[in-house]
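Inspection log for the structure reproduced underneath, given as structure tokens.
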Amino acid sequence: MMLTAKEREATFLSDLTALLAKHSAELDVTDDGKSYGMQSGVCEISMDSEWDSEGNQLAEYTTFRLPSFMDGD
């Protein structure tokens, strides 16, 4: 069965949303902060700290940029 472009997009976005939810992460598309604007777009991931019910930190806050090119290989 062939998937349409819309179906592929919907599946990808669903998988990406699930991955972000799994890691309690946010994805923000922005620019590199240079004065020339969006000449170099970047994707930044941020992940909040995680704590248990007793106040013990389970995971540190982190933020990082995705590589400029990624594929499924």
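Position 37 of the sequence shown, counted from 1, bears residue number 37 in full-length UniProt numbering, the numbering being contiguous throughout.
Ideal placement from N, C-alpha and C gives every residue a C-beta, glycine not left out.
In angstroms, rounded to a whole number, what distance separates the CA positions of T17 and K6? The residue labelled residue 17 in the question sits at position 17 within the sequence shown. The residue labelled residue 6 in the question sits at position 6 within the sequence shown. Each residue's Cα considered, the two are about 16 Å apart.
Inter-residue Cα distance where the pair is K34 and C43: Here residue 34 refers to the residue found at position 34 when the sequence shown is read from its first residue. Here residue 43 refers to the residue found at position 43 when the sequence shown is read from its first residue. Straight-line Cα distance between these residues: approximately 15 Å.
Could you check where the beta strand (DSSP E) with T62 kicks off and where it finishes? If you number the sequence shown from 1, residue 62 lands on position 62. Here the beta strand (DSSP E) through T62 covers 62-65.
Which same chain residues, not among the five before or five after D32, have their C-beta less than 6 Å away from its C-beta? One-based indexing of the sequence shown puts residue 32 at position 32. Once the five neighbours on either side are set aside, the close Cβ partners of D32 are S40, V42.
Taking C-alpha atoms, which residue in S46, E50, G55 lies nearest to T62? Mapped onto the sequence shown, residue 62 falls at position 62. Among S46, E50, G55, the Cα nearest to that of T62 belongs to S46.
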